[in-house]
Amino acid sequence: MCVAAWLIAVVAGVYVVQRNTSTPAAALAAPKSWPAGAGLPPLTKPCMVLFVHPECPCFAADVYILRRLVDASARLDTRLVLVGDDAPILRESTNYRRAAELPGITIHFDADGQMARAFGAQASGHAAVYDAGGQLVYSGGLTNARGQAGPSAQDDVVRDVAHGRSPRVNSGPVFGCPLFDAPGENAKKEPPP
Numbered sequence: 424m425c426v427a428a429w430l431i432a433v434v435a436g437v438y439v440v441q442r443n444t445s446t447p448a449a450a451l452a453a454p455k456s457w458p459a460g461a462g463l464p465p466l467t468k469p470c471m472v473l474f475v476h477p478e479c480p481c482f483a484a485d486v487y488i489l490r491r492l493v494d495a496s497a498r499l500d501t502r503l504v505l506v507g508d509d510a511p512i513l514r515e516s517t518n519y520r521r522a523a524e525l526p527g528i529t530i531h532f533d534a535d536g537q538m539a540r541a542f543g544a545q546a547s548g549h550a551a552v553y554d555a556g557g558q559l560v561y562s563g564g565l566t567n568a569r570g571q572a573g574p575s576a577q578d579d580v581v582r583d584v585a586h587g588r589s590p591r592v593n594s595g596p597v598f599g600c601p602l603f604d605a606p607g608e609n610a611k612k613e614p615p616p
């Protein structure tokens, strides 16, 4: 009897963890053209904008992916947007320092979430990739699952755009914490369980 209860508890635990890891966040498509007035400088070359909440555990996976793709992302105008209002504290975090060390990456702070909203980002880890003409070529996440930084089809998107090729996929799921509690509210302070 105890073994059966233990087995049920283990299976239930594995199910909950797997479901959390593999369930994408709610996502909106990024605008088809670079949004003027979004609070970011205009494009001068192909660009990837990655929105993250600094307290989301998946931020570390996104930084790892940027590090792995540094050659490709350095060819892009790569902009990392930290959504939330704790800029002084953020600058002391390990993930911020690791991201700031990467060549070709510009970090922006989005205290009120207006940049994220302009690009349709609803979850941490949402990337919008635009060609040099300001046309959207990819909208979605960079990871295959929540907090997983392994190789993915999204790596090819970044490499393709960096080398002037059309990406083979133009959208993907986003696996990250919600950036907003509810419409019009600021970024979340706590990641989901």
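Residue numbers (our numbering): 424 to 616.
The C-beta atom is built at its ideal place from N, Cα and C for all residues, glycine as well.
Presumed contact (8 Å Cβ cut-off) between residue i and residue j, rounded CB distance
i    : j    : result
L499 : M471 : 5 Å
P590 : V584 : 6 Å
A522 : L503 : 5 Å
Local conformation of residue i per DSSP, three classes
i    : result
T467 : coil
R591 : coil
D485 : helix
D579 : helix
L499 : coil
V597 : coil
A558 : Per the sequence presented here, residue 558 reads as Gln, with Ala not at that position. The answer is strand: DSSP assigns Q558 an E or B state.
Own chain partners of residue i with C-beta closer than 6 Å, once the 5 adjacent residues on each side are dropped
i    : result
A453 : F542, G543, A551, L559 and S562
K455 : L559
S594 : S562 and G563
T566 : A484 and F598
Close beta carbons around residue i, own chain, < 8 Å, minus the five adjacent residues each side
i    : result
H586 : A495 and R498
L513 : P477, L505, G507, Y519 and F532
Pairwise C-alpha distance: residue j and residue i
i    : j    : result
L466 : P458 : 10 Å
G462 : V475 : 16 Å
G507 : Q537 : 10 Å
P469 : R582 : 11 Å
L473 : A539 : 9 Å
D578 : F482 : 16 Å
Closer than 9 Å to chain B by CB, residue i
i    : result
D500 : No chain B is part of this structure, which consists of one protein chain only.
Neighbourhood of residue i by C-beta, 7 Å cutoff - its chain only, sequence neighbours within 5 removed
i    : result
V580 : V552, Y561, P590 and V592
The segment 543 to 556 / the segment 588 to 606 touching (three or more Cβ pairs under 8 Å): Contact holds: three or more Cβ-Cβ distances are below 8 Å.
Count Cβ pairs between the segment 508 to 520 and the segment 550 to 561 that sit closer than 8 Å; are there 3 or more? no
Does the contact criterion of 3 or more C-beta pairs under 8 Å hold for the segment 523 to 538 versus the segment 480 to 493? Contact between the segment 523 to 538 and the segment 480 to 493 is present, because at least three Cβ pairs lie under 8 Å.
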